[in-house]
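**Q** Just so it is clear: in the sequence shown, position 506 is 493 by the working numbering, and no numbers are missing. A virtual CB, placed ideally from N, CA and C, is assigned to each residue, including glycine. Keep in mind it's a predicted model, so treat the numbers as computed, not measured.
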Amino acid sequence: MIQKILILFIVFISFSSCSKKNNEKTDKSINLALTSEISTLDPVNSYDNVSGMVIYNICEQLYEYHYLNRPYELKPLLADGMPSIENNGKRYVIKIKKNIRYHDHPSFKGQARTVRAQDFITQFKRLSYAPLNSTGWWIVDDVIVGVNDFKKTVGNDFDKFKKTEISGIKAIDEHTLAIDLIRPSPQFIYKLSMSFVSPVPLEVIEHDKNDLSKNPIGTGPFYLTKMEPAKEITLTKFTHFHESFYPSEGDRFTNSRGLLKDSGEKIPFLETINFLVINDNNTRWDLFNKNKLDIIVLPQEFYSQVFDDVGNLREEIRARDIRLQTLPTLTYWWLAFNARDPLLGKNLNLRKAIAHAVDMNKYIMSFTNNTGQQANSILPPGVFGYDPSMTLPYEYNLEKAKEFLAKAGYPGGKNLPEIIYDTRAESKINYQQAEYFKAQLAQIGIKIKIVQNNFRQYLEKSRTGHLQFFQDGWTLDYPDAENIFQLLISTNHPPGPNASFYSNAKLDAMYEKISKLPDGEEKKGLIIKMEAIVNEDLPWIMQYYSRNFILYHDYVKNYRPSDLIWSYPKYIKVK
-12 MIQKILILFI
-2 VFISFSSCSK
8 KNNEKTDKSI
18 NLALTSEIST
28 LDPVNSYDNV
38 SGMVIYNICE
48 QLYEYHYLNR
58 PYELKPLLAD
68 GMPSIENNGK
78 RYVIKIKKNI
88 RYHDHPSFKG
98 QARTVRAQDF
108 ITQFKRLSYA
118 PLNSTGWWIV
128 DDVIVGVNDF
138 KKTVGNDFDK
148 FKKTEISGIK
158 AIDEHTLAID
168 LIRPSPQFIY
178 KLSMSFVSPV
188 PLEVIEHDKN
198 DLSKNPIGTG
208 PFYLTKMEPA
218 KEITLTKFTH
228 FHESFYPSEG
238 DRFTNSRGLL
248 KDSGEKIPFL
258 ETINFLVIND
268 NNTRWDLFNK
278 NKLDIIVLPQ
288 EFYSQVFDDV
298 GNLREEIRAR
308 DIRLQTLPTL
318 TYWWLAFNAR
328 DPLLGKNLNL
338 RKAIAHAVDM
348 NKYIMSFTNN
358 TGQQANSILP
368 PGVFGYDPSM
378 TLPYEYNLEK
388 AKEFLAKAGY
398 PGGKNLPEII
408 YDTRAESKIN
418 YQQAEYFKAQ
428 LAQIGIKIKI
438 VQNNFRQYLE
448 KSRTGHLQFF
458 QDGWTLDYPD
468 AENIFQLLIS
478 TNHPPGPNAS
488 FYSNAKLDAM
498 YEKISKLPDG
508 EEKKGLIIKM
518 EAIVNEDLPW
528 IMQYYSRNFI
538 LYHDYVKNYR
548 PSDLIWSYPK
558 YIKVK
């Protein structure tokens, strides 16, 4: 998912000497934490984990991931079956379920409004409409026939937006959608599970002046009832939600954890989801201890309070019916350079000096409590093409770092301008990380100025190109190398996800090839070449692959954490 990463939700429970009775849940609600203010709830621009946590519970897409099966597999959501793929892989014909009702909206004038094929076309047009500056433009750009022509023809004219059609997307009838691709793309179906393609009626965007940032409309199990972006967001169960059921099958983990007890029951079970905006780890931890949050990705500074010396849950934690799940994630991190920056972007030896001057092992020990796995590739484990024997062409070596700095024209850092490092959040840990990088680079004479941002400010700078040196990261939207290399291609410069403004024509050409190839030897060979190009140009210094420790109270039932499934609250039962 999701362009920028931030660990979002948090939990419950009481570490105080409360009785078990006090740990019981008496209503059908759940309290979760967002680690930053929401930047937008418009599906065309919801591309970070904070907004995604909310939007996937309001809006639905054509397909979704099966909640209990791993490896991940797609299943129909608003689609009535899997697509019929025709014309040598270049046409997708999709049947859409009937009688799927939207949440109430003033433009419906008190009438029930159900999903039509045209609503998906409207959303594809919104993705391509320049004034919205969609972060999801990359999923259609030079992918679907006619979208680039539509964008050029329509420009900023909303009347033209309404009257102009995209030649490659048609409503065959009210419940059949046909999409023509420029070239075959085996990964395209994954994109049909992303929030970017959530349907929206034309009358809604006319009424709301095409701005859904604070008032999204969807068909999901919950609808928005309270929106205070910097404080609290509340979702309430949609009483007209279409008939949906808890899964009746899953993988071995599902069976071993007893996650099939509610098989076949209608969902959602919850009446309310309360998202609390809390950007400070200590505050979240305090609320966690006071039983005012229900699920938590454990902040590393509190590991010692939860785990004993051998890594097991402490007895006092287990005694309070706290449950633990360890999640190898699809999230990973790197240090990034702005390729358009006249200092860092133009000087490869300077970037190499920085790459050799940062001790990533020490960083992982200090800031992840050694739970992170040092990255050895720009691909994460679990993605086709990842090679566990791969090694990066840089390592912590101060002598080499000094040599590269001299080659860059700044021996000992002499005459080197101060480099600006922007944090991605305003928490204490983010500032400490920045101080770590500053101290590491000072060893070879590089001076760093730290600029602290909240996550929203960081995203804005990222989308407008106002970052020089920064930490970036990614949670995969779908498990394919295409989803990683799209962060590095020229056509995805901001507002797209290529925050580094990196550009390499050879990489772009290879990306076009892998985007239409199934997994196999040809694709693997291209991935190896692409990774070699990126490592030579060095827009990124790889850091680590994340692993999360997630705590939740025993009254939270049916919980299975995932990096790809943000709609999980519809499966949760509390009792």
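Would you kindly work out how many angstroms separate the C-alpha atoms of T241 and R310, rounded to a whole number?
**A** For T241 and R310, the distance between alpha carbons rounds to 15 Å.
**Q** For H92, which residues from the same chain have a beta carbon less than 6 Å from its beta carbon, with the 5 sequence-adjacent residues on both sides left out?
**A** V191, I204
**Q** Near N120, what residues of its chain come up, given a Cβ to Cβ distance below 6 Å and the 5 sequence neighbours on each side ignored?
**A** P482
**Q** For F262, does the three-state DSSP call read helix, strand or coil?
**A** Note: F262 maps to strand in three-state DSSP.
**Q** Taking buried to mean at least 16 other C-beta atoms within 10 Å of its own C-beta, is N32 buried or exposed?
**A** buried
**Q** Classify S243 as helix, strand or coil using the three-state DSSP reduction.
**A** helix
**Q** Note the first and the last residue of the continuous beta strand (DSSP E) segment covering K82.
**A** Its beta strand (DSSP E) spans residues 78 to 82.
**Q** Buried or exposed for M529, going by 16 or more other Cβ atoms inside 10 Å?
**A** By the neighbour-count rule (16 or more Cβ atoms within 10 Å), M529 is buried.
**Q** Pull up the distance between the alpha-carbon of T163 and that of P58, whole angstroms please.
**A** 29 Å
**Q** List the whole-angstrom C-beta distance separating E47 from T206, where the pair is believed to meet the contact cut-off of C-beta under 8 Å.
**A** So it is a contact: roughly 5 Å between Cβ atoms.
**Q** Reducing DSSP to helix, strand and coil, say where H566 ends up.
**A** A question about residue 566 goes unanswered here, because the residues of the chain that appear run from -12 up to 562.
**Q** Looking only at C-alpha atoms, which of G432, P398, S180, I437 sits nearest to E413?
**A** For the set G432, P398, S180, I437, the Cα lying nearest the Cα of E413 is the one of I437.
**Q** Measuring CB to CB, does Q439 end up less than 8 Å from Y423?
**A** no
**Q** When you compare the CB positions of N261 and N545, do they come within less than 8 Å of one another, or not?
**A** Contact: no.
**Q** Helix, strand or coil: how does DSSP classify W553 here?
**A** coil
**Q** Report yes or no: do three or more beta-carbon pairs, one from the stretch 469 to 486 and one from the stretch 120 to 129, lie closer than 8 Å?
**A** As far as the Cβ criterion goes, the stretch 469 to 486 touches the stretch 120 to 129, which means the pair count is three or higher.
**Q** Measuring straight from C-alpha to C-alpha, what distance separates A326 and S502?
**A** 24 Å
**Q** One question on the structure: do F111 and K560 come within less than 8 Å of each other, judged by their Cβ atoms?
**A** no
**Q** With 16 other CB atoms within 10 Å as the buried threshold, where does D464 fall?
**A** buried
**Q** Does the separation of the CB atoms of I83 and L222 fall below 8 Å?
**A** Their beta carbons are not under 8 Å apart, which means I83 does not touch L222 by this criterion.
**Q** Using a Cβ-Cβ cutoff of less than 8 Å, which residues in the same chain neighbour P375 once the five nearest sequence positions on both sides are dropped?
**A** N363, P368
**Q** Using DSSP bridges, identify the partner residues of H540.
**A** I309
**Q** Quick check on the burial criterion: 16 or more other C-beta atoms within 10 angstroms. Buried or exposed for H540?
**A** buried
**Q** Evaluate the contact criterion for the stretch 531 to 539 versus the stretch 274 to 293: three or more CB pairs, one atom per stretch, below 8 Å.
**A** yes
**Q** F232: buried (16+ other C-beta within 10 angstroms of its C-beta) or exposed?
**A** Its Cβ having fewer than 16 others within 10 Å, F232 is exposed.
**Q** Would you report the Cα separation of L65 and L247, rounded to the nearest angstrom?
**A** Cα to Cα, the separation comes out at about 23 Å.
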